[in-house]
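Data block below; observations after.
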Amino acid sequence: MMNRTDHILTQLYSSEDIQKRIEQLSSRIAADFRAEEIDLVGLLNGSYMFLADLTRSLHAKGLGMRIGFLTLSSYGAERRSSGRITLHQDLRLDIRNRKVLLVDDILDSGYTLQFACSYLLERSPAVLKTVVLLDKPSGRRLHMEADYAGFSAPNAFLVGYGLDYGGKYRERPDICILADPSEKG
Ligand code: 5GP
Ligand code: MG
């Protein structure tokens, strides 16, 4: 039976680091949207934990919101983006003329965020902004930047805080670098 010790994890951002950074991000977002009501669209599955903490932090700063989800995937069980994005579950919020903040866990090649932005723009929001907790600029394959980014991360495969590898490790409160399984001792 495979167990967690099959992968070597090295902590990159502690739970405290993440919560501090989310406080800073939400202060900027709340100031920019000026206590208006916004629609947050989380990309599942990876963004669920970030979205939960971000929404609580935005609430504490007086921002009202509706929350919806879009389920996309590009990775399957692989570590590299295929560039082919699949829509698994559609958004059930009507975002026409609304101020929308798209929330994702990590911006790497840019394919996912680009796909999600074009998809949402077809629904004619008044404003569309993007926030990612993690940005890996070295992984970029196309021109795409987030309006708000938490951490500029190294070019490594990350797990925890919603990010998985083959479905595992999402539940961790911290973010870790996953060593290549072939490197394990
Ligand atoms: P992109 O399409 O920009 O290459 O990647 C975005 C998506 O790929 C993210 O939403 C995330 O789900 C996944 N991804 C990118 N880098 C990583 C990583 O280091 N670890 C994990 N677990 N997922 C990643
Ligand atoms: Mg994702």
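Using my numbering, the first residue of the sequence shown is number 4, and each one after it goes up by one. By construction, the Cβ of each residue, glycine as well, lies at the ideal position given by its N, Cα and C atoms.
Separation of residue 135 from residue 16, as counted between CA atoms: 15 angstroms
Can you grab the Cα-Cα spacing for the pair residue 127 / residue 23, in whole Å? 33 angstroms
Where does the unbroken alpha helix (DSSP H) through residue 114 begin, and where does it stop? 114–124
Based on the DSSP secondary-structure assignment, which residues constitute the bridge partners of residue 171? 168
Run the proximity test for residue 50: is its beta-carbon closer than 8 angstroms to any non-hydrogen atom belonging to the ligand MG? yes
If you draw a straight line from the C-alpha of residue 106 to the C-alpha of residue 182, how long is it? 27 angstroms
Which residues in the same chain as residue 163 place their Cβ atom closer than 6 angstroms to its Cβ, once the five residues preceding and following it in sequence are excluded? 172, 175, 177, 178 and 179
Alpha carbons only, please: which of 159, 99, 40 and 139 is nearest the one belonging to residue 124? 99
Does DSSP put residue 147 in a helix, a strand or coil? coil
What residue from 120, 169 and 10 has the CA that sits closest to residue 43's CA? 120
Near residue 67, what residues of its chain come up, given a Cβ to Cβ distance below 7 angstroms and the 5 sequence neighbours on each side ignored? 40
Should residue 101 be labelled buried (16 or more other beta-carbon atoms within 10 Å of its own) or exposed? buried
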